[in-house]
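**Q**
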Amino acid sequence: MAMAFGRDRPWGSAVLAMATASFLVLASSVARADGGDADGDLVPDDIEDRTERTVDGGVLPAIAPRNLFLSSNSVGAPADDRFRLTYEQGAFDLTYFREDTGGYAGSFTAKFDRLFEWADADGNGLILDDEIVSDWSLGGSAFENLTMSHREATSADGGFVHTFELRSTWRPGTDAFLVLTAAQRFLRLGPDRILTPMEVKMDLHLNHTFEVPGSRVGIALRVESSDESAMDFEHDSWDARRGFSSDESWINITSGARPSTMFFSWANNATADGVEGPLVVRSTHWSELPEEGYELLLAFPEGLDADLVRIVHDPTLGVVSAAYEGILLLPPPPDLQGDALLYGVSLVAMAALVGTTVLLAGRRRRKGE
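This is the structure:
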């Protein structure tokens, strides 16, 4: 005869519910202990959760904007930090603030200074002054016809992503399109590029008609600071050393009694007409106290057409975040895997005990009847 719980049916439901709950708790706890990567960027979700930043940005004025601003703040670090990026007339200003240093920690400017054409006459791969066959200053007039826009989107794991687009004609025959990207959380942009929350990536799209056919187009950038800073050119950027990018160089700007590092970095390759090739870079350090900086000449690869080339390149501006480093140094959340197993097994055992008790109670009643 099939066993029926009769009046004790609620006990049976409780047993079933408890057993089911124990299984779910066990499964979810093990999954949590194993870690996850919801957006497939190879950065564990628990690290992304702990290092997520608050990001705000926009363009000014609302109609026919000429300037942009972006602010990124850490949350929940042992000592929080913040960086702010602004743009005006071809210049990007980055300012860094740290809670543990009382506020201001340093700033620098990265500016598009000149556009040039270079012909490597002697074939030695070095940019020499007498090999620059055309040169145009990128003053205010190069950015007078600027159009600018800003939008927000959501990444695969729910973080906000800010994108700015800037279009201008630098000179007749040269159009520039800049795309700036900043994210709350780590964001995979390509097979070998992960954007961190502590930086702003800048994609430069340059369409250039040559004045001297067969030469190579390039840009001159000035990276400068008026703080008492140590500025160093290095071939491996912070991102590259940590696997967030590959083959990337940088200028790091370190200032303050408690060193705070900001940076301007760039990929050592660019694409010309869709074909990737290496940059030729010339860096010149200068100092005119209280200011110092670097002039960077970046010559892009040759294209497929001697008269016209389409360049894509991606510099980055950011900070080596003290808040991020502080969060990583915190003890990780306790690994609950062992406890979860014990807890889950205990629930199963409890369910079995309750079930056995119900069965015994039912048998006693039947004997009494």
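Note that my numbering numbers the sequence shown so that position 330 is 954, with each residue one more than the last.
Backbone N, C-alpha and C define an ideal beta-carbon position, used for all residues, glycine too.
(1) Short check: CB of Leu828 to CB of Val936, under 9 angstroms?
(2) Select from Leu932, Ala854, Ala844 and Val683 the residue whose C-alpha is nearest the C-alpha of Leu903.
(3) Taking the alpha-carbon positions, what's the Val841 to Trp742 distance?
(4) Any idea which residues DSSP pairs Gly866 with across the strands?
(5) Spell out a yes or no on whether the stretch 897–917 and the stretch 748–760 are touching, meaning 3 or more CB-CB pairs, one atom from each, closer than 8 angstroms.
(6) Are the Cβ atoms of Phe736 and Thr710 separated by less than 9 angstroms?
(7) Check each candidate in Met772, Ile818, Phe707 and Ser849 and name the one with the smallest Cα separation from Glu919.
(8) Which whole-angstrom value describes the C-beta separation of Met822 and Gly714, a residue pair presumed to lie in contact below a C-beta threshold of 8 angstroms?
(9) Going straight from the alpha carbon of Asp661 to that of Pro668, what length do you get?
(10) Rounded to a whole number of angstroms, what is the C-alpha to C-alpha distance between Ser945 and Ala729?
(11) Could you name the residues that DSSP lists as bridge partners for Arg934?
(12) Could you give the DSSP three-state label for Asp753: helix, strand or coil?
(13) If I measure Cβ to Cβ from Leu928 and keep anything under 6 angstroms in the same chain, skipping five residues before and after, which residues do I get?
(14) Comparing C-alpha positions only, which one of Arg934, Ile951 and Glu915 sits nearest to Thr733?
(15) If contact is defined by three or more beta carbon pairs under 8 angstroms, each pair taking one atom from either stretch, is the stretch 802–815 in contact with the stretch 776–790?
(16) Would you list the one or two residues that DSSP bridges to Pro902?
(17) Closest Cβ-Cβ distance between Gly898 and chain C: below 9 angstroms?
(18) Can you give the Cα-Cα distance for Ser779 and Asp663, rounded to whole angstroms?
(19) Is the beta carbon of Ile877 sitting closer than 9 angstroms to the one on Glu858?
(20) Look at the Cβ atom of Arg738, then the Cβ atom of Leu770, and state whether they are nearer than 9 angstroms.
(21) Excluding the five sequence neighbours on either side, which residues of its own chain have a C-beta within less than 6 angstroms of the C-beta of Val674, listed in chain order?
(22) Excluding sequence positions up to five away, which residues of its chain have a Cβ less than 6 angstroms from the Cβ of Val824?
(23) Excluding the 5 residues preceding and the 5 following Asp717 in the sequence, name in chain order all residues of the same chain whose CB lies nearer than 6 angstroms to its CB.
(24) Considering only the beta carbon of each residue, do Leu830 and Phe924 sit closer than 9 angstroms?
(25) What's the C-alpha gap between Pro702 and Ser873?
(26) Specify the secondary structure class of Ile951 as computed by DSSP and reduced to three states.
(27) Using the C-alpha atoms, what's the distance from Tyr720 back to Met886?
(28) With DSSP collapsed to three states, give me the class of Thr787.
(29) Where do the ends of the alpha helix (DSSP H) carrying Arg674 lie?
(30) In this structure, how does DSSP classify Gly917 when only helix, strand and coil are distinguished?
(31) Provide the residue span of the beta strand (DSSP E) that contains Asp737, from first to last.
(32) When we look at the beta-carbon of Gly681 and count the other beta-carbons within 10 Å, is it buried (16 or more) or exposed?
(33) Which whole runs of the alpha helix (DSSP H) in the stretch 664–720 are 4 residues long or more, in chain order?
(34) Report the three-state DSSP secondary structure of Leu922 (helix, strand or coil).
(35) In the DSSP output, what is Gly814 paired with across the bridge?
(36) Mind reading off the beta-carbon distance from Ala930 to Gly838? Whole number of angstroms is fine, and I expect it under 8 angstroms.
**A** Short version:
(1) On the sequence shown, position 204 is the one that residue 828 refers to. On the sequence shown, position 312 is the one that residue 936 refers to. Contact: yes.
(2) Your numbering for residue 903 matches position 279 in the sequence shown. For Leu903, the nearest C-alpha among the options comes from Ala844.
(3) What you label residue 841 is simply residue 217 of the sequence shown in a count that begins at 1. What you label residue 742 is simply residue 118 of the sequence shown in a count that begins at 1. Cα to Cα, Val841 sits roughly 6 angstroms from Trp742.
(4) Counting from 1 along the sequence shown, the entry for residue 866 is found at position 242. According to the sequence provided, residue 866 is Arg. The question's Gly does not apply to it. Answer is none; Arg866 lacks a bridge partner.
(5) yes
(6) By one-based count along the sequence shown, residue 736 stands at place 112. By one-based count along the sequence shown, residue 710 stands at place 86. Not closer than 9 angstroms, so no.
(7) What you label residue 919 is simply residue 295 of the sequence shown in a count that begins at 1. Among Met772, Ile818, Phe707 and Ser849, the Cα nearest to that of Glu919 is on Ser849.
(8) Sequence index remark: in the sequence shown, residue 822 carries index 198 (1-based). Sequence index remark: in the sequence shown, residue 714 carries index 90 (1-based). Incorrect: roughly 24 angstroms between the Cβ atoms, too far for contact.
(9) Taking the sequence shown and counting its residues from 1, the one referred to as residue 661 is at position 37. Taking the sequence shown and counting its residues from 1, the one referred to as residue 668 is at position 44. Using only the alpha carbons, I get a separation of about 5 angstroms.
(10) Here residue 945 is taken as the residue at index 321 of the sequence shown, counted from 1. Here residue 729 is taken as the residue at index 105 of the sequence shown, counted from 1. Each residue's alpha carbon lies about 11 angstroms from the other.
(11) The count along the sequence shown starts at 1 and reaches residue 934 at position 310. According to DSSP, which records beta bridges pairwise, Arg934 is partnered with Asn831.
(12) Residue 753 sits at position 129 when you count from the first residue of the sequence shown. Reduced to three states, the DSSP call for Asp753 is helix.
(13) Here residue 928 refers to the residue found at position 304 when the sequence shown is read from its first residue. Asp897.
(14) By one-based count along the sequence shown, residue 733 stands at place 109. Here the closest residue by C-alpha is Glu915.
(15) yes
(16) As a first step, residue 902 is located in the sequence shown; it is residue number 278 there, counting from the start. Bridge partners of Pro902: Asn893.
(17) Any reference to chain C falls outside this structure, which holds one protein chain only.
(18) Taking the first residue of the sequence shown as position 1, residue 779 is located at position 155. Taking the first residue of the sequence shown as position 1, residue 663 is located at position 39. Computed Cα separation, rounded: 8 angstroms.
(19) Mapped onto the sequence shown, residue 877 falls at position 253. Mapped onto the sequence shown, residue 858 falls at position 234. Contact: no.
(20) To locate residue 738, count along the sequence shown from 1; it is residue 114. To locate residue 770, count along the sequence shown from 1; it is residue 146. Not closer than 9 angstroms, so no.
(21) For this step, residue 674 is matched to residue 50 along the sequence shown. With the sequence shown as reference, residue 674 is identified as Arg, and Val is not the correct amino acid for it. Once the five neighbours on either side are set aside, the close Cβ partners of Arg674 are Ile951.
(22) Numbered from 1 along the sequence shown, position 200 holds the residue referred to as residue 824. For Val824, where only same-chain residues beyond five positions count, the Cβ hits under 6 angstroms are Leu709, Leu804, Ala806 and Leu941.
(23) On the sequence shown, residue 717 is found 93 positions in, with the first residue counted as 1. Taken in chain order, the residues that qualify are Thr710 and Thr733.
(24) On the sequence shown, position 206 is the one that residue 830 refers to. On the sequence shown, position 300 is the one that residue 924 refers to. Cβ atoms of Leu830 and Phe924: closer than 9 angstroms.
(25) Counting from one through the sequence shown, the residue named residue 702 turns up at place 78. Counting from one through the sequence shown, the residue named residue 873 turns up at place 249. Cα to Cα, Pro702 sits roughly 30 angstroms from Ser873.
(26) Residue numbering aside, residue 951 sits at position 327 when the sequence shown is read from its first letter. It is helical.
(27) Locating residue 886 in the sequence shown gives position 262, counting from the first residue. Locating residue 720 in the sequence shown gives position 96, counting from the first residue. About 8 angstroms.
(28) Residue numbering aside, residue 787 sits at position 163 when the sequence shown is read from its first letter. Thr787: strand per DSSP, three-state reduction.
(29) Along the sequence shown, read from residue 1 onward, the residue named residue 674 stands at position 50. It spans Asp669 to Thr675 - the alpha helix (DSSP H) in which Arg674 sits, taken as one unbroken run.
(30) Within the sequence shown, residue 917 is the residue found at index 293, counting from 1. In this structure, Gly917 counts as strand in the three-state DSSP scheme.
(31) Taking the first residue of the sequence shown as position 1, residue 737 is located at position 113. Taken as a continuous stretch (DSSP letters only), the beta strand (DSSP E) holding Asp737 covers Gly727 to Trp742.
(32) Start at 1 with the first residue of the sequence shown, and residue 681 comes out as number 57. Buried: at least 16 other Cβ atoms inside 10 Å.
(33) 669–675
(34) If you number the sequence shown from 1, residue 922 lands on position 298. Note: Leu922 maps to strand in three-state DSSP.
(35) Here residue 814 is taken as the residue at index 190 of the sequence shown, counted from 1. In DSSP, Gly814 forms a bridge with Arg817.
(36) Here residue 930 corresponds to residue number 306 of the sequence shown, with the count starting at 1. Here residue 838 corresponds to residue number 214 of the sequence shown, with the count starting at 1. Contact flag correct, Cβ pair sits at about 5 angstroms.
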